[in-house]
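Convert by adding 125 to the 1-based position in the sequence shown; the result is the number in this note's numbering. Structure, as structure tokens:
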Amino acid sequence: MVSCSDLSGIMAMMPAFTTDDGGSIDATDTISVERMEDGLNRMIADGAGVISTCGSFGEFHTLLWEEFQTINRAAVEIAAKRVPIFVGCTALNSREVVKRMAFAEEVGAYGVLVGVPFYFPASVENAVQFFKDISERFPKLGIMIYHNPTLHNVTLPVPCFEELVKCPNLIAMKDSHRDTMQFMKLQEIIKGHISVFCNQFQFHPFFELGAAGFWSIDAWMGPEPFLALHEAVVGGDIARAKEIMFAISPVMVDRKPNMSWRETASKIGIRYAGYCDPGPLRPPFVNVPEEVDKSQKARAEKWQQLRKIYQPQGARSAAQ
């Protein structure tokens, strides 16, 4: 039985590992299972608590149906129940979501990460009904709400969770869109029902307010700084948590302010960092301004330095 108590720590938002020919519009089989196996095994071994596939960064929007099947079947098999795997099933319409969820259940995923179908904005009433509908149809699957108002065109206000907590398998939410007061009010409703994974830079102080963990794309550049942050926050070492936050935050300044490049730029940065190889970009996001590429290369170099600073004590001693 799935439970919100199963979920904590760092949720690594997995890239859709690409084959060498994946940048071609004619390519039809662009999932590099070999690259994924190397990266996913390393991430799990290094301490990620949850893995989620096929989010925005995970390219649910660029993959063919056959590629969706390939990446998610392989991810579940590689993880082998070492950590919960949430298969990203967001789509343009509810029926496609149901089709993807049926596949996730078939291959043995722990759960699914699902956002509201988003081509046209949904009303809050319809968004709530959507989650109730999929919860009823897949009672054995854990469902994580993918709350991204910017891309999904609807905000789930705190009061609507009075209804959503009635869905027993709706057990988690990826959410970075609450201020402190909203988050506290949310926790009054969902505590014991829904585990929230906030943004990596919200974990201090949101952990003290009830966050179960945080999600991260940047962990695929090397998770050591985030593992150190998690350890400090959970262990109550607030001084160290602040130190780590200030150390890693400037790295984000190198991102191009235009958020349209965020996910694409992250994949470039991850490849430069060398912790894993996500492969090349897929169309139509293949032509990247030189300044974005240059910025990500510099960002990766800074991150490599931070990995050395915040590597676990045992690994640090062995390296000396």
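The beta-carbon is built from N, C-alpha and C at its ideal position, and this holds for glycine as well. For clarity, every value in this text was computed on a predicted model and none was experimentally measured.
### Task
Could you pull the start and end residues of the alpha helix (DSSP H) that residue 427 belongs to?
Taken as a continuous stretch (DSSP letters only), the alpha helix (DSSP H) holding residue 427 covers 415 to 434.
### Message
residue 288 and residue 253 - do their beta-carbons sit closer together than 8 Å?
### Response
Their beta carbons are under 8 Å apart, which means residue 253 touches residue 288 by this criterion.
### Query
Buried or exposed: which applies to residue 213, given that a residue is buried once 16 or more other Cβ atoms fall within 10 Å of its Cβ?
Under this definition residue 213 is a buried residue.
### Message
Considering Cα atoms alone, identify which of 140, 163, 291 is closest to residue 261.
### Response
For residue 261, the nearest C-alpha among the options comes from 291.
### Query
In this structure, does DSSP put residue 299 in helix, strand or coil?
Residue state, collapsed to three classes: strand.
### Query
Quick one: Cα of residue 131 to Cα of residue 415, how far?
Rounded to whole angstroms, residue 131 and residue 415 show a C-alpha spacing of 43 Å.
### Task
Mind checking which residues open and close the alpha helix (DSSP H) that includes residue 212?
From DSSP, residue 212 is part of no alpha helix (DSSP H) but of the beta strand (DSSP E) over 210 to 213.
### Query
Any contact of the region 294 to 304 with the region 314 to 332, i.e. 3+ C-beta pairs under 8 Å?
With the cut-off at 8 Å, the region 294 to 304 and the region 314 to 332 touch.
### Query
For the 8 Å Cβ check, are there 3 or more pairs between the region 256 to 276 and the region 172 to 191?
Counting Cβ pairs under 8 Å, three or more are found: they touch.
### Message
Less than 8 Å between the beta carbons of residue 133 and residue 174, yes or no?
### Response
Residue 133 is a Cβ neighbour of residue 174, given a cutoff of 8 Å.
### Message
Going by C-alpha to C-alpha distance, which of 408, 303, 325, 347 sits closest to residue 437?
### Response
The candidate whose alpha carbon is nearest that of residue 437 is 347.
### Message
Strictly by DSSP, which residues pair up with residue 129?
### Response
Answer by DSSP bridge pairing: none, since residue 129 is not bridged.
### Query
Considering only the beta carbon of each residue, do residue 351 and residue 203 sit closer than 8 Å?
At a Cβ-Cβ threshold of 8 Å, residue 351 and residue 203 do not count as neighbours.
### Message
So, at 7 Å on beta carbons, what are the nonlocal neighbours of residue 389 in its own chain, with the 5 sequence-adjacent residues on each side left out?
### Response
So the list reads 406, 410, 413, once near-sequence residues are dropped.
### Query
Rounded to whole angstroms, how far is the Cβ of residue 169 from the Cβ of residue 196, which I believe are closer than 8 Å?
Contact doesn't hold; Cβ gap of about 16 Å is too wide.
### Task
Assuming residue 392 and residue 403 form a contact by the criterion Cβ under 8 Å, report the distance between their Cβ atoms to the nearest whole angstrom.
Your pair residue 392 and residue 403 checks out as a contact, with CB atoms roughly 5 Å apart and the cut at 8 Å.
### Sheet register partners of residue 165 (DSSP bridge)
Note: residue 165 sits in no beta bridge, so no partner.
### Query
Are the CB atoms of residue 184 and residue 141 nearer to each other than 8 Å?
Contact: yes.
### Task
Express the C-alpha separation of residue 188 and residue 215 in angstroms, rounding to a whole number.
Rounded to the nearest angstrom, the two C-alpha atoms are 12 Å apart.
#### Entry: Closest residue to residue 161 among 249, 153, 176, 151 (Cα-Cα distance)
If you compare the alpha carbons of 249, 153, 176, 151 with that of residue 161, the shortest gap goes to 176.
### Task
Rank 336, 338, 328, 343 by C-alpha distance to the C-alpha of residue 363 and give the top, closest one.
Nearest of 336, 338, 328, 343 to residue 363, Cα basis: 328.
#### Entry: residue 340 - containing alpha helix (DSSP H), residue span
Careful: residue 340 lies outside any alpha helix (DSSP H), inside the beta strand (DSSP E) at 338 to 341.
### Message
On the criterion of 16 or more Cβ atoms from any shown chain inside 10 Å, does residue 248 qualify as buried, or is it exposed?
### Response
Residue 248 is exposed by the Cβ-count criterion.
### Task
Hey, could you find the ends of the alpha helix (DSSP H) residue 196 is sitting in?
Taken as a continuous stretch (DSSP letters only), the alpha helix (DSSP H) holding residue 196 covers 190 to 204.
### Task
Scan the region 203 to 273 and note each continuous beta strand (DSSP E) run of 3 residues or more that stays entirely inside, going in chain order.
Correct list: 210 to 213, 236 to 239, 267 to 272.
### Task
Helix, strand or coil for residue 136, going by three-state DSSP, please let me know.
Reduced to three states, the DSSP call for residue 136 is strand.
### Task
Identify the continuous alpha helix (DSSP H) that holds residue 410 and give its terminal residues.
Premise fails: residue 410 is in no alpha helix (DSSP H) and is neither H nor E.
### Message
At the level of alpha carbons, what is the spacing between residue 353 and residue 340?
### Response
Taking the straight line joining both Cα atoms gives about 15 Å.
### Query
Should residue 420 go down as buried or exposed, given a rule of 16 or more other Cβ atoms within 10 Å for buried?
So residue 420 ends up on the buried side.
### Task
State the start and end residues of the unbroken alpha helix (DSSP H) segment that holds residue 322.
If you look at residue 322, you'll find it isn't in any alpha helix (DSSP H); it sits in the beta strand (DSSP E) that goes 320 to 324.
### Task
Measure the CB-CB distance between residue 428 and residue 164 and report whether it falls below 8 Å.
Not in contact: residue 428 and residue 164 (Cβ atoms no closer than 8 Å).
#### Entry: Residues that residue 175 bridges to, as DSSP identifies them
BP columns for residue 175 point to 136.
### Query
Name the DSSP beta bridge partners of residue 156, please?
Note: residue 156 sits in a beta bridge opposite 143.
### Query
Alpha carbon to alpha carbon, how far is residue 259 from residue 231?
Distance between the alpha carbons of residue 259 and residue 231: 15 Å.
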